[in-house]
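Enquirer:
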Amino acid sequence: MSKTDRHDQIVVSIYDAALDPGKWPVLLTEIAHYTGAVGAMIFEVETPQDRPHLLASHFSDTYNAELVHGYLAQHNDLEIADQAIFARHSRATDDIELIPDSVLAASEAELLARPNQKTMMRYGIRYRCGALLNKDQLFHDRFSMQFGSDAAEDLPLRLARASRLLPHIAKALSIGRPIQAVQKRHQAVLNALDKLDVGFCVLDNRMNVIVDNEEFRRQADESGVYRTTPRGQLSFRSEGDLGRARALMSGVTGHGRFGARPRKEAVEAEHKGQTAASEALCIDISPLNKANEMGSGPIDGYLLMSTDTSRSYRLEMQCLATLFELSEAESAVLELMAEGKTNKQIAEQRGRSLDTINTQVKSILSKASCENRTQAIRMATNISSGFLVRD
Numbered sequence: 001m002s003k004t005d006r007h008d009q010i011v012v013s014i015y016d017a018a019l020d021p022g023k024w025p026v027l028l029t030e031i032a033h034y035t036g037a038v039g040a041m042i043f044e045v046e047t048p049q050d051r052p053h054l055l056a057s058h059f060s061d062t063y064n065a066e067l068v069h070g071y072l073a074q075h076n077d078l079e080i081a082d083q084a085i086f087a088r089h090s091r092a093t094d095d096i097e098l099i100p101d102s103v104l105a106a107s108e109a110e111l112l113a114r115p116n117q118k119t120m121m122r123y124g125i126r127y128r129c130g131a132l133l134n135k136d137q138l139f140h141d142r143f144s145m146q147f148g149s150d151a152a153e154d155l156p157l158r159l160a161r162a163s164r165l166l167p168h169i170a171k172a173l174s175i176g177r178p179i180q181a182v183q184k185r186h187q188a189v190l191n192a193l194d195k196l197d198v199g200f201c202v203l204d205n206r207m208n209v210i211v212d213n214e215e216f217r218r219q220a221d222e223s224g225v226y227r228t229t230p231r232g233q234l235s236f237r238s239e240g241d242l243g244r245a246r247a248l249m250s251g252v253t254g255h256g257r258f259g260a261r262p263r264k265e266a267v268e269a270e271h272k273g274q275t276a277a278s279e280a281l282c283i284d285i286s287p288l289n290k291a292n293e294m295g296s297g298p299i300d301g302y303l304l305m306s307t308d309t310s311r312s313y314r315l316e317m318q319c320l321a322t323l324f325e326l327s328e329a330e331s332a333v334l335e336l337m338a339e340g341k342t343n344k345q346i347a348e349q350r351g352r353s354l355d356t357i358n359t360q361v362k363s364i365l366s367k368a369s370c371e372n373r374t375q376a377i378r379m380a381t382n383i384s385s386g387f388l389v390r391d
């Protein structure tokens with residue numbers, strides 16, 4: 001198998017993990033082998049009682065779980081400090097950059113003398129690197145790779161190979177977040193899909209609908225953006241929307257173009273007969289090869305999730321205000337945007353001029369690196385886990 005074929009095969013497997021997070025350990029081991037690494041890890045920085053610690057959500061299945069958790073507990077403070085340095089060196093653009101551990105110390109001797117480095121070297125790890133996979137919410141979706149001493153001569157080449165995979169990992173984690181949220185609350189995903197406040201649909205390669213949920217069907221009826229034909233095939237109202245959707249269904253090359261902000265790849269489609277920016281669907285599409293939860297073996301199709309920005313979503317406003325340095329007024333405006341209100345309606349409710357609200361909305365979009373309201377609501381609900389139906 002050529003390197004290109006293996007790369008593409010790994011990318012497809014990455015998107016399968018969006019629907020089945022249990023695949024990550026084996027997949028991370030495969031990614032490590034492909035890039036010449038000892039192992040790889042996806043983790044988050046949690047901050048209970050203002051004392052941050054690392055939570056390894058997924059790591060290579062060749063790693064001993066007890067050793068991983070023991071290492072993170074033993075060296076938590078050093079690792080938190082290291083992660084802050086990795087994050088600081090990550091560029092402010094959408095691109096994902098793997099930062100080598102050489103940034104952690106002034107010299108190699110100083111790096112090798114650090115307690116956490118000594119522990120890693122006992123297990124054959126000489127080099128490591130870190131990356132931000134989510135630049136909307138910096139504490140989520142951190143990525144780390146570990147390398148042995150054999151990487152001394154060609155580490156940049158190995159990092160470059162790994163970097164080609166990172167935008168796909170970032171997108172799979174982003175689109176899979178609603179699935180993980182519902183899995184934590186319910187045992188079987190299929191029986192709980194109607195608990196999602198986002199449209200969910202699995203398609204085969206002919207765009208036949210295999211599985212969908214109640215919100216997907218509601219959006220089809222009320223938005224007019226898409227529908228399921230009598231033969232069970234997904235159809236889009238607009239040729240333009242269909243073309244954008246097909247571009248994401250033409251293989252793996254159409255994915256991973258926006259690095260750590262994959263929401264920018266989504267298809268944005270206005271409701272039928274509407275011109276208001278607040279009434280639109282934000283449709284995420286990713287490839288899907290196998291879906292064990294569907295009980296149907298190989299699918300060779302796509303996973304589609306659609307957020308209706310005209311609906312009302314719960315937002316974690318304190319978190320969002322901190323992340324994007326929103327003023328009190330901007331926070332209030334964003335909360336009303338998440339209720340599906342237009343700028344005019346927000347101006348009336350807040351007793352402000354339309355020009356003032358327009359200015360505040362533009363400021364919110366700029367601070368959150370969003371091009372429009374649809375992207376902003378998609379981003380805010382993903383951060384707030386606002387895609388679960390209220391119990």
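Each residue of the sequence shown is one higher than the one before, counting from 1 in full-length UniProt numbering.
Every residue, glycine too, gets a C-beta built ideally from N, C-alpha and C.
Under 8 Å, with one C-beta from each stretch per pair, do the segment 212 to 221 and the segment 54 to 62 reach the 3-pair mark?
Expert: Output reads no: the segment 54 to 62 does not touch the segment 212 to 221.
Enquirer: In angstroms with no decimal places, state the Cα-to-Cα distance between K23 and I364.
Expert: So the alpha carbons of these two residues sit roughly 36 Å apart.
Enquirer: Are at least three pairs of beta-carbons, each pair with one atom in the segment 127 to 147 and one in the segment 92 to 110, less than 8 Å apart?
Expert: A contact exists between the segment 127 to 147 and the segment 92 to 110.
Enquirer: Check each candidate in T253, C282, A338, L334 and name the one with the smallest Cα separation from H7.
Expert: Ranking T253, C282, A338, L334 by Cα distance to H7 puts T253 first.
Enquirer: Cutting at 6 Å between CB atoms, please list the residues of its own chain near A105, excluding the five before and the five after it.
Expert: L111, listed in sequence order.
Enquirer: In terms of residues, what are the limits of the beta strand (DSSP E) holding C201?
Expert: Where C201 is concerned, the enclosing beta strand (DSSP E) stretches over 199 to 204.
Enquirer: Among all the DSSP beta bridges, which residues are the ones paired with P287?
Expert: P287 is bridged to Y302.
Enquirer: Evaluate A368 with the Cβ neighbour count: other Cβ atoms within 10 Å of its Cβ, from every protein chain shown; 16 or more gives buried, anything less gives exposed.
Expert: Answer is buried; the Cβ neighbour count reaches 16.
Enquirer: What does a CB cutoff of less than 7 Å around D212 pick up in its chain, not counting 5 residues either side in sequence?
Expert: Here the set comprises F200, C201.
Enquirer: Taking 7 Å as the threshold (C-beta atoms), are L166 and I96 in contact?
Expert: The answer is yes: Cβ separation under 7 Å.
Enquirer: Contact between the segment 226 to 243 and the segment 337 to 346 is defined here as three or more beta-carbon pairs at a separation below 8 Å; is this criterion met?
Expert: Touching, no.
Enquirer: Would you tell me roughly how many angstroms separate the C-alpha atoms of G295 and E335, rounded to the nearest one?
Expert: No answer about G295 holds up, because its pLDDT of 49 lies below 50 and its placement is not dependable.
Enquirer: If you count every other CB in all the chains shown that lies within 10 Å of the CB of I10, and 16 or more means buried, which is it?
Expert: Buried: at least 16 other Cβ atoms inside 10 Å.
Enquirer: Is the Cβ-Cβ distance between R158 and T35 less than 7 Å?
Expert: It is a contact, given that the beta carbons lie within the stated cut-off.
Enquirer: Within 10 Å of its beta-carbon, does K135 have 16 or more other beta-carbons around it, so buried, or fewer, so exposed?
Expert: K135 is buried by the Cβ-count criterion.
Enquirer: Taking C-alpha atoms, which residue in L323, A266, R257, Q83 lies nearest to S366?
Expert: Ranking L323, A266, R257, Q83 by Cα distance to S366 puts L323 first.
Enquirer: Just how far apart, CA to CA, sit D221 and H271?
Expert: Roughly 11 Å between the two C-alpha positions.
Enquirer: Relative to the C-alpha of T47, which residue among C319, S327, V209 is closest?
Expert: When only C-alpha atoms are compared, the closest one is C319.
Enquirer: Can you look up G70 in the DSSP assignment and give me helix, strand or coil?
Expert: Note: G70 maps to helix in three-state DSSP.
Enquirer: Using only alpha-carbon positions, find the residue among N205, E265, S306, H168 that is nearest to I179.
Expert: It is S306 whose Cα lies nearest to the Cα of I179.
Enquirer: Kindly provide the ranges of any beta strand (DSSP E) runs that are 3 or more residues long and lie completely inside the segment 103 to 132, ordered along the chain.
Expert: As far as the segment 103 to 132 is concerned, its whole beta strand (DSSP E) runs of at least 3 residues are 127 to 132.
Enquirer: Does the beta-carbon of D61, which I'm using as the reference point, lie nearer than 6 Å to any heavy atom of the ligand FAD?
Expert: Inclusion of the ligand FAD in the displayed structure is not the case, the ligand content being empty and no account of it being possible.
Enquirer: So, I125 versus Q146, is the Cβ gap smaller than 7 Å?
Expert: Result yes, Cβ atoms of I125 and Q146 sit closer than 7 Å.
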